[in-house]
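Asker:
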Amino acid sequence: MQKAHLQLSQLGISFPTPKGPFVALQNVNLDIGKGEFISLIGHSGCGKSTVLNLVAGLLQASSGGVILNQKEVNAPGPERAVVFQNHSLLPWLSVYQNVELAVKQVFRGQKSKTEMRDWIEHNLALVQMSHARDKRPAEISGGMKQRVGIARALAMQPQVLLMDEPFGALDALTRAHLQDSLMEIQARLNNTVIMITHDVDEAVLLSDRIVMMTNGPAATIGEILHIELPRPRNRIALADCPTYNHYRHAVLSFLYEKQRKVEVLPKAEPAKAPAVAQTQEKRA
Amino acid sequence: MSAIPTQWSRVQRYLPAQQQLQNWLKQSLLSAAGIAVFILLWQLLASQITTSLGSFPGPVQVAQQWSGLVAEHKAEKKREAAFYQRQQQRNAASLAANPDAVITVRPYNGRPTFFSQIFTSLYTVLTGFVLASLVAIPAGIVIGLSPRLYSAFNPLIQLFKPVSPLAWLPLVTILVSALYQSEQPLFARSFLVSVFTVTLCSLWPTLLNTIVGVSNISPDLQNVSRVLQLNWLTHVRRIVLPSAVPMIFTGLRLSLGIAWMVLIAAEMLAQNPGLGKFVWDEFQNGSSDSLSRICVAVLVIGLIGYALDRLMLQLQQRVNWDKSAQLR
Chain A
1 MQKAHLQLSQ LGISFPTPKG PFVALQNVNL DIGKGEFISL IGHSGCGKST
51 VLNLVAGLLQ ASSGGVILNQ KEVNAPGPER AVVFQNHSLL PWLSVYQNVE
101 LAVKQVFRGQ KSKTEMRDWI EHNLALVQMS HARDKRPAEI SGGMKQRVGI
151 ARALAMQPQV LLMDEPFGAL DALTRAHLQD SLMEIQARLN NTVIMITHDV
201 DEAVLLSDRI VMMTNGPAAT IGEILHIELP RPRNRIALAD CPTYNHYRHA
251 VLSFLYEKQR KVEVLPKAEP AKAPAVAQTQ EKRA
Chain B
1 MSAIPTQWSR VQRYLPAQQQ LQNWLKQSLL SAAGIAVFIL LWQLLASQIT
51 TSLGSFPGPV QVAQQWSGLV AEHKAEKKRE AAFYQRQQQR NAASLAANPD
101 AVITVRPYNG RPTFFSQIFT SLYTVLTGFV LASLVAIPAG IVIGLSPRLY
151 SAFNPLIQLF KPVSPLAWLP LVTILVSALY QSEQPLFARS FLVSVFTVTL
201 CSLWPTLLNT IVGVSNISPD LQNVSRVLQL NWLTHVRRIV LPSAVPMIFT
251 GLRLSLGIAW MVLIAAEMLA QNPGLGKFVW DEFQNGSSDS LSRICVAVLV
301 IGLIGYALDR LMLQLQQRVN WDKSAQLR
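Protein chains in written order, with the working numbering: chain A, 1 to 284; chain B, 1 to 328.
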């Protein structure tokens, strides 16, 4: 196997609390090859977003580190572009200007004005948003906003594309549509992608490897599943494919049998704890 | 409470034109009815009250004084024009007699009329307000972006914010006369005293609202800025300022309202030229017309304050990126 493009090495983070440090994440080790599509899946609060934010440099690791191309990274930068869950477009800029802000910042002094314009247009075309280039985010649908968010990230020509539940807030049909678009773009550009998801189908359909995380606190990688389905993948054909269903089954059984989320609930959501106690009393 | 009218006016935009006209008519009629009731009550009550200067003026007397003030202003303008004409003729004559004659052009020193006092007040309040904004917005941005600076400055802001203009005035007067000593002053001292008093009292709402607007930028947008590695200036220009614009304008509108109120008080107390002085002079004058004239001034002060606020609203609608926002 080739030398890893992106390495997470002994990655861990803890947050100080009045009762001493709270270890959110520990011993995360993962080597990611160039062009690989990785999905992070796990229950809410297990630290998936924390892993992504550590890779993005938005959080600082307490132990271990992130190595990109043999160099440690611990600050944010456009070579690790992020597609945020809620699109995070600047509402006062048009679609074009939102991408332009990123392109101007990344390619300042490298591309001429016309080259930049062509590059912005190219990326908007890639996500099929050229028709809405002069619209403000408030004037387009949620799925369109997410497309623009992807275009903005791709326009940075990142070495790694980090996606934090990119389609989580979309309806099922729009989500399927965007997943297909993403697969097409991925086939063309061969980006290295880390994507967080809650959706088992999404993970199996898109990924080369699914990284399943254990429940926190002190969450870490539980299992890694290699998805060896041939590309291009077709969701309709795969619906009847036994291998596909086998992978789905493996992820589901990890999430709902091996890592059933029960005892963590009151801790993660202290506001709900008294309510639970009350109902128990009533039953008793 | 405010949610219902906001939604209502949103709904209104989609109503057919005829219905919109009907709604507008209804609104105007209600406003007119309110004003009519006020004038009626005013007329009824005014005639009941006898003051040391005769009976309290009703709407009719006040309207009469308004036209009296307009006539006075016109007469004064005529006198001014005549003065300059005489001066010019005199100078031309002396130049004709002796080409080397030294010509002096003297400014007209007539009594300021009601309308020139309005102009003085407007000019003063806008200068003070602009000065306050030029201090408050940049300071608010810098303080709002840094929690440490905020902790350092917050006590000072809270301390000075509630200080009355009447308390600042003596200090400002003394300071201006101590620090502003020039042979040929560019500005009158009284003007500077009014301006600085207005500035000191009106910068706080803008400052506080800018701080709040800047410190409440969505963390997602801040992350975008960090991933893009925007430098400080670009970050402020492209992310911070636009997201704080609605709050900044809320502050500016509050500030302008305060500036206008403070100015009238300061002019009255310090005898600085302007509408406040007009009111005070009429009060001291104590003629039978004085009360009516003060009533005219009160109404004009109110109208100008209202107009200034509408002007800021227009500006806000122009500058604000969120065109769907309901501003009122």
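C-beta: ideal position from N, C-alpha, C; glycine also.
No experiment lies behind these values; they were computed from the predicted model shown.
1. Given this structure, state the Cα-to-Cα distance separating P270 (chain A) from E100 (chain A), to the nearest angstrom.
2. Can you tell me whether DSSP reads Q26 (chain A) as helix, strand or coil?
3. Pull up the distance between the alpha-carbon of Q179 (chain A) and that of G12 (chain A), whole angstroms please.
4. Please classify R175 (chain A): is it buried, with 16 or more other beta-carbons within 10 angstroms of its beta-carbon, or exposed?
5. Work out the CA separation of L315 (chain B) and P112 (chain B) for me, nearest whole Å.
6. Tell whether a beta-carbon distance below 8 Å holds between P137 (chain A) and D322 (chain B).
7. Out of A:H87, A:F84, A:V51 and A:L89, state which residue places its alpha-carbon closest to the alpha-carbon of N74 (chain A).
8. Count the other C-beta atoms from every protein chain shown that fall within 10 angstroms of the C-beta of G110 (chain B), then say buried if there are 16 or more, exposed otherwise.
9. Against chain A, with Cβ distances strictly below 8 Å, would S2 (chain B) count as a contact?
10. Would you list, in chain order, the members of the stretch 143-158 of chain B that have their beta-carbon closer than 7 Å to a beta-carbon of chain A?
11. Got a sec: is the Cβ-Cβ distance from W119 (chain A) to anything in chain B below 8 Å?
12. Taking M268 (chain B) and V212 (chain B) to be in contact with their CB atoms under 8 Å, please state how far apart those CB atoms are, rounded to whole angstroms.
13. For F84 (chain A), name the three-state secondary structure that DSSP assigns.
14. Determine the burial state of G144 (chain B): buried for a count of at least 16 other Cβ atoms within 10 Å of its Cβ, exposed for fewer.
15. Hey, is Q105 (chain A)'s beta-carbon within less than 8 Å of any beta-carbon in chain B?
16. Please name the residue or residues paired with L11 (chain A) in a DSSP beta bridge.
17. Against L40 (chain B), what residues of chain A qualify as contacts under a CB-to-CB distance less than 7 Å, listed in chain order?
18. P246 (chain B) CB to nearest chain A CB: under 8 Å?
19. Looking at chain B, which residues of the stretch 194-217 of chain A have a Cβ within less than 7 Å of any of its Cβ atoms?
20. Output needed in chain order: residues of the stretch 71-85 of chain A with a Cβ under 9 Å from some Cβ in chain B.
21. If we ignore side chains and look at the alpha-carbon of each, how far apart do R310 (chain B) and Q186 (chain A) end up?
22. Of all the residues that make up the stretch 128-147 of chain A, which are near chain B by a beta-carbon distance shorter than 9 Å?
23. For a test of the three-state rule: what should DSSP assign to K34 (chain A), helix, strand or coil?
24. Report the partner residues of R260 (chain A) according to the DSSP bridge assignment.
25. Is DSSP giving V127 (chain A) helix, strand or coil here?
26. Check for me: the beta strand (DSSP E) holding H226 (chain A) runs from which residue to which?
27. On the CB-based measure, 16 or more other CB atoms within 10 Å of its CB, does N234 (chain A) come out buried or exposed?
28. Would DSSP call M213 (chain A) helix, strand or coil?
29. Are the C-beta atoms of I239 (chain B) and some chain A residue less than 8 Å apart?
30. Just mark V70 (chain B) as buried or exposed, buried being the case when its beta carbon has 16 or more other beta carbons within 10 Å.
31. For V105 (chain B), does the three-state DSSP call read helix, strand or coil?
32. If you draw a straight line from the alpha carbon of V176 (chain B) to that of R189 (chain B), how long is it in whole angstroms?
33. Using 8 Å as the threshold, is the stretch 258-275 of chain B in touch with the stretch 189-209 of chain B, meaning 3 or more CB pairs across them?
34. Hey, does W321 (chain B) have any beta-carbon neighbour from chain A nearer than 8 Å?
35. Taking buried to mean at least 16 other C-beta atoms within 10 Å of its own C-beta, is H235 (chain B) buried or exposed?
36. Buried or exposed: where does N373 (chain B) fall if 16 or more other Cβ atoms within 10 Å of its Cβ makes it buried?
Answerer: The structure says:
1. In this predicted model, P270 (chain A) has a pLDDT of only 46, less than 50, meaning its place in the structure is not dependable; the value taken from the coordinates is given anyway. Using only the alpha carbons, I get a separation of about 43 Å.
2. strand
3. If you draw a straight line from the Cα of Q179 (chain A) to the Cα of G12 (chain A), it is about 31 Å long.
4. buried
5. 32 Å
6. no
7. A:V51
8. exposed
9. The predicted position of S2 (chain B) is uncertain, since its pLDDT is 44 and thus under 50; a value taken from the coordinates is nonetheless stated next. Output row for S2 (chain B): interface = no.
10. Going along the stretch 143-158 of chain B in chain order, one finds no residue with a Cβ nearer than 7 Å to chain A.
11. Interface with chain B (8 Å Cβ-Cβ cutoff): W119 (chain A) is excluded.
12. Not a contact, Cβ separation roughly 33 Å.
13. The answer is coil: DSSP assigns F84 (chain A) none of H, G, I, E or B.
14. buried
15. yes
16. A:V28
17. Within chain A, no residue comes near L40 (chain B); the closest Cβ sits about 47 Å away, beyond 7 Å.
18. Not closer than 8 Å to any Cβ of chain A, the Cβ of P246 (chain B) fails to qualify, so no.
19. none
20. A75, P76, G77, P78, R80, A81, V82, F84 and Q85
21. 53 Å
22. So the list reads R136 and A138, given in the order they occur along the chain.
23. Of the three classes helix, strand and coil, the one that applies to K34 (chain A) here is coil, per DSSP.
24. For R260 (chain A), which the question treats as bridged, DSSP gives no partner whatsoever.
25. Assignment of V127 (chain A) by DSSP, reduced to helix, strand and coil, places it in the coil class.
26. I221 to H226
27. Within a 10 Å sphere around the beta-carbon of N234 (chain A) sit fewer than 16 other beta-carbons, which makes this residue exposed.
28. Looking at M213 (chain A) - three-state DSSP - the assignment turns out to be strand.
29. yes
30. Exposed: under 16 other Cβ atoms inside 10 Å.
31. In the three-state DSSP reduction, V105 (chain B) falls in the coil class, being neither helix nor strand.
32. Rounded to whole angstroms, V176 (chain B) to R189 (chain B) spans 7 Å at the Cα level.
33. yes
34. yes
35. buried
36. The structure shown does not extend to residue 373 (chain B), since chain B is modelled only from 1 to 328, so the question has no answer here.
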